[in-house]
Structures are given as structure tokens and as C-alpha cells.
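What follows is a short report on a single structure.
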Amino acid sequence: MLNRRLLIAAPALAVLPRPSLGQADQRPAITIAVQKVVNSNTLETLREQSNVGERVFYSSMWEGLIGRDWLGQLGPVPGLATEWRRISDSVVELSLRRGVMFHNGEEMTAEDVVFSFGRDRMFGTTLASAQGRTIPIGEGMPAPRPGRELPPEVPAVARRSWPALERVEAVDRYTVRFVNATPDVTLEGRLSRYGSDIISRRGFEATASWLDWARKPVTTGPYKVAEFRPDVSLTLVAHDEYWGGRPPLRQIRFVEVAEVSSRINGLLSGEYQFACDIPPDQIPGIERNRAFEVQGGTILNHRLIVFDKTHAQLRDARVRRAFTHAIDRKAIVDSLWAGRTEVPRGLQWPYYDQMFISDWEVPRFDQAEARRLLREANYRGEAIPYRLLNNYYTNQNATAQVLVEMWRQVGLNVQIEMRENWSQILERSPTRAVRDWSNSAPFNDPVSSIINQHGPNGQQQQVGEWSNDEMNRLSVELETSTDRARRRAIFARMLVITEREDPAYTVLHQNATFTAKRRDIRWKASPAFAMDFRATNWGA
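Residue numbers (my numbering): 13 to 552.
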């Protein structure tokens, strides 16, 4: 848990020289091949809460008051705030960094912070009493709306991240105070998570519609949007007034290349300088060419199978429990990941420190137990749909085929149904039953994952897949309690509910991400999806 009395002073930053007006910009431009740029066809973090979004947004475009150490252990570091302090169990005060310039050339002040966390941009008509209540969301792409009306997904996601934020006050031009309606020991963590990023008030108000804003947001990051072509590419250019030093790249272009082989071939031919989401079995072939290397490893993200308990065959928890016991997770890690990742202790990470439940395990691989549960539930082999995207996740198709065979061996008749996008995956209909997902931990407390994704305002409950009354009551208590021992006991009980008694999901393995690049480029991969292209992480 983050230190509630944390006060961090920012180190001095070197001022890098800028070229004269007549001098040509000699900085390199790079192209990065990705399987997907964003899922929602927007660049707004409150709409695009995804793995692919994290990759293109953070350390490039969007920044929050408290940053994350992207090249270290992902802990909190000074960002757009230089220091922060606890006033009480429900109030945090922050000192803003001076001289931070937005992409439109205006300085960031407390006014922009207050607006970033206000009704017009974040919360809409929702109140600071969202704890324990579910805000339903749609599953479609955002449609153009009159003026700057927020899509319903935005306040729903905002209250998922900030269920009880009452207001943000401007103490003076460079000081802000966050006031929560309830005690919350994780306020500093919430400030560092994606979705808590700062925007330009005037930049937002200058756009004709929310969608126009969301496709070219005005933020503070080292790179700004030059061109966004949904489902095709995103081009960023250097923001030379960046507070953290002149960006080392003139341009970054992310291009969508769905097939792994095409990403690799483009890298080897020189069309791309980076290729993302490389499966482990392709790494040796790439590195046989000494001009290239692959970086990466495990990250703070777990791959899951998620259940819709409203489906006719999944209403009985024993059927879902049978799914969890039929999976040989180690075999998946060994065969599809070449041992480059691991099976974790459920939906948690040692990163949680004292909140980590060290004696917890994922459901054991036990085919006899799975068969017994199916007999007890009187399951007769009825078809259960498994909606699948085409390798959105690394090894997704291969993993799905292995899982279907494992489930078949215990008597589960699971049928893969390919879908084109997340809207189709989440569409409410009688064929929604089983799907893939992943969960991250944006900060080091269980509320950042198990409640954020599976609690009363988590995505699973917002789209109507799963709910549990005890889980929802405990979620409110975990979010408001200041008793560390009680909070740990609550989290342990939540794992029992969501992974054993009434499965909402089952964890497959810790996720890992691998990025191939030219060996002569001095760049380090983060232990996250985010790709850092600031001056401190680039050389050639």
C-alpha cells in the first residue's frame, strides 16, 4: 500500500538544447508495428481502458499528477505534481510542477486539474456515492454526439476509478486538493492510474464535439497527435516544449499489422523499427539475425477466462468451477510460452506487498473433480459458446484451441465463435458465455484490479456478465476501510468468492509481452505494455 504520508521532491531536470529555426530536424522518425492501436477508435483514456491503449498513451501522450516508474518497478514518481501530502484519510494535497506546457502552447495550472476531474470531462451527472452501485455501460463504439456530451462509458469508467471523489479544489494557481466523500487509503494510487490524466481545459472546450476531442486530445506528454486514422495508424510528433526535456524522436508512427509474420517480416526488411507482441516461439528465429533483438518479459497483467453467469449453462457455479479445474495451466505455460511466464497465485501480484495473499493458489488441475462437478450440476453436453478475437492477445488462438481440448476431455462442449472486435465480444445475447480477458494492477492495492474489474462498478458487472451480493458489500468495505488487517481479510475472502465459490473468472497465467527491435537502437522495454520514448530511454 502506498505510504499515506508520502512527500517526494522531483529531481532537477537537465534542459536540452533546441535547434535553431533554420536548422533541419535531424532526430529520427520510427515506425512501430502493433496488432492494434486502440479498440474504441478514440485516444481518450476514459474511453480506451486497454492493453493496447497503455502502449501508445503512456510515456508518449498522457500524463498524470503522480507518474509511474516505467523503467523500474512501476512505483509512484513525481509527474505533473512535484510533491503530495495527506491532509486526512479522505484528502490529499498536491503541488503542481511549474512551467508545464500543453500541446497547444498554454501552461498547465490548477484550473486544468480541476476541470480534468470535473463533471464536463469525467463524471457527468454521477455522484460521489457510486460505491456498491453499478453504472451500466453499452458495448458499442462511441457515436458522434451533439456538442461535448459524454458517452455513457466515460462517467462509468470514471466512477470505476474514482467511486467517491467529491471534488477537486484549486488552493492556488499551483496547488490542488482532492477531497473524497469517504476515507480511502489508496488515493495516491488512484492518482497514478490511467484515466487520472490531466487535459487542457481550453483544448477540450475548443472542440466541436467529444469525439473530435477524443481523436486529438490536448495533453502534456512528450509527443502530440499529428494524425489518427482509426483501425489503421497513429502518428505522433515531438512536443518540443515538454517539461521533461526535448523528445529524442521527431515522429513516432504506430501502424496496425494484424499478423505476427507480417510484423516480423516488416521489421527484418527495415519497414518497421519495432514489432510488438512477439510470441515466444518466434524469438529464436528473430535473434538468429544479429542485427535484431527481442526485449520483454512478465508484466503486471494476468490472462483470464471470464464467465457470463447469466448464460443458461453457466448459471450453476459448479459448471464454472469445472471449467477452472479442467485447465492444465503449467502445460500452457511450458508449451506455448516456452516457460517465459508463470502461473500466479490468482488475481494478485507480490507487488501488493502486505496485501498479497501468499498461501492462495489457482484452482488445481483435477479432471476427476471437473467431471464430478459436471455430474452434480446435471450438465448434459449442451454447447457453450466461447467468443474469440483473432490474436488480440499473444498466443490467443493457440491458447483457445488448447483450452477447448482440455475442456472436451472432462465433458464440456465448448464451441469457438470468432468475433471481429470487442463490441461483438461483449454484445449481450444468449450466445455470450465464455471469453478471454486480461487484468492489470495500475497501483499496488487489490482495489486497482479485483474491484476495478469485478466489483460493483467493474466491467464485468457494468456489462451484465456477473454479480455477487457479498462481493459487492465487501468491495465497499475494502474501498473505505483504514484497518490494514481487516482489508487483507476482505481481499482473501474476495478471492474465495470470485475464483472458487461463484467464479467470475479464472486466471490462466501471468501475461508477458515481447518487443522485437533493431539491436543498434538503445532502448529498454518497460515491465508493462507502455513504451517509453522519452529522452532518458533512447539512443542510436
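Here a beta-carbon is modelled for each residue, glycine too, at the ideal position from N, C-alpha and C.
- For the options Arg189, Ala45 and Asp243, the alpha carbon positioned closest to that of Ser100 is the one of Arg189.
- The shortest C-alpha to C-alpha distance from Arg330 to any of Pro296, Arg341, Arg384 and Tyr405 is the one to Arg384.
- Excluding five sequence positions before and after Pro362, the CB atoms of its chain that fall closer than 7 Å to its own CB belong to Phe368, given in chain order.
- Per DSSP, His314 is one residue of the beta strand (DSSP E) stretching across Phe304 to Phe319.
- Membership of Lys342 in the alpha helix (DSSP H) is indicated by the continuous run Arg341 to Leu348.
- Distance from Ala182 to Val230 at the Cβ level is roughly 19 Å; contact not present, criterion being Cβ atoms closer than 8 Å.
- In the displayed model, Phe129 falls within coil according to three-state DSSP, outside both helix and strand.
- In this structure, Leu83 sits away from Val112, with a CB-CB distance that is not shorter than 9 Å.
- Here the region 138–145 makes contact with the region 164–174; the two share three or more CB pairs at distances below 8 Å.
- The C-alpha of Gly117 lies about 25 Å from the C-alpha of Glu60.
- Uninterrupted alpha helix (DSSP H) stretches at least 4 residues long and entirely within the region 327–405 occur at 329–337, 341–348 and 379–388, given in chain order.
- Setting aside the 5 residues that flank it on each side, Val64 is surrounded in the same chain by Val46, Lys48, Val49, Val50 and Asn51, each with a C-beta closer than 7 Å to its C-beta; the list follows chain order.
- With fewer than 16 neighbouring CB atoms inside 10 Å of its own CB, Val244 falls in the exposed class.
- Around Ile509, the same chain offers Asn480, Glu482 and Met483 as residues with beta carbons nearer than 7 Å, after the five sequence neighbours per side are excluded.
- Shown here, Phe503 sits in a helix according to DSSP, grouped into three states.
- Taking the CA atoms as reference points, Val191 sits about 11 Å from Trp174.
- Only residues of its own chain outside the window of five on either side were considered, and among them Thr336, Gly358, Leu359, Val374, Pro375, Tyr517, Thr518 and Val519 have a CB closer than 8 Å to the CB of Glu511, listed in chain order.
- In this model, Pro148 and Ala540 are separated by some 29 Å (Cα to Cα).
- Judged by their CB atoms, Ala524 and Gly309 are nearer to each other than the 9 Å cut-off.
- When the five nearest sequence neighbours on each side are left out, the beta carbons in the same chain lying within less than 8 Å of the beta carbon of Trp225 are those of Glu56, Arg160, Gly215, Phe216 and Thr219, in order along the chain.
- Secondary structure note for Asp448: its beta strand (DSSP E) is the uninterrupted segment Val446 to Ser452.
- The three-state reading of DSSP puts Gln325 in coil, since its state is none of H, G, I, E or B.
- Here the region 500–507 makes no contact with the region 313–322; the two share fewer than three CB pairs at distances below 8 Å.
- Inclusion of Ser204 and Pro40 in the CB contact set at 9 Å is not warranted, their separation being larger than that value.
- In the three-state DSSP reduction, His251 falls in the coil class, being neither helix nor strand.
- Apart from the 5 residues on each side of it in sequence, Gly278 sits with its Cβ closer than 8 Å to the Cβ of Ala45, Val269, Tyr284 and Ala287 in its chain, given in chain order.
- Short of 7 Å from the beta carbon of Arg110, and not among the five residues preceding or following it, lie these beta carbons of its own chain, in chain order: Tyr186.
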